[in-house]
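Q: My questions will all concern the structure given below.
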Ligand code: CA2
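Numbering (our numbering), first residue to last: 293 to 435.
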């Protein structure tokens, strides 16, 4: 099974600022944690991070028939992007939404997620381990 892990804008800055919200570990630390767990769970992972909405859409489209599951943290595009929702719908790949923080307990504008209705599940407020839980949800769904 192959899982594509997509991170949106500013998640490459993890560990650099706002450690009170996102922790002090870096994006590279996140990728190693996911890689180690992917090996344990027997799945292949590919990582993609971009600050650009169109690049995220392109990557989702490229994954058509090449990926069995998507774990996505769209960052701030969670709350603005119909394009990401449409891209996910267009490829029809089982997807789990992840957030390091819990956007539902933060500012009002973070409460709306355009992709949430499409996703199998949303894992939020669990820090980096939320990505592992998301992979486990995809693996279970594929059984
Ligand atoms: O909690 C999450 O994972 C978010 O998707 C993170 C987004 C935010 O816009 C969402 O509402 C919730 C922001 C990612 C920004 O990451 C930073 C990392 C380091 C320093 C500053 C921001």
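A virtual CB, placed ideally from N, CA and C, is assigned to each residue, including glycine.
For the ligand CA2, which residues have a Cβ under 6 Å from at least one heavy atom, in chain order?
A: 302, 303, 305, 306, 308, 309, 310, 314, 365, 367, 368, 370, 391, 392, 393, 395 and 402
Q: Hey, how far is the Cα of residue 422 from the Cα of residue 364?
A: Residue 422 and residue 364: Cα-Cα distance of roughly 11 Å.
Q: Would you say residue 340 and residue 392 are within 8 Å of each other, going by their C-beta atoms?
A: no
Q: For the alpha helix (DSSP H) containing residue 379, name the first residue and the last one.
A: 374 to 383
Q: Just tell me which of 431, 353 and 347 has its CA closest to the CA of residue 436.
A: This structure does not reach residue 436, given that the chain is present from 293 up to 435, and the question cannot be answered.
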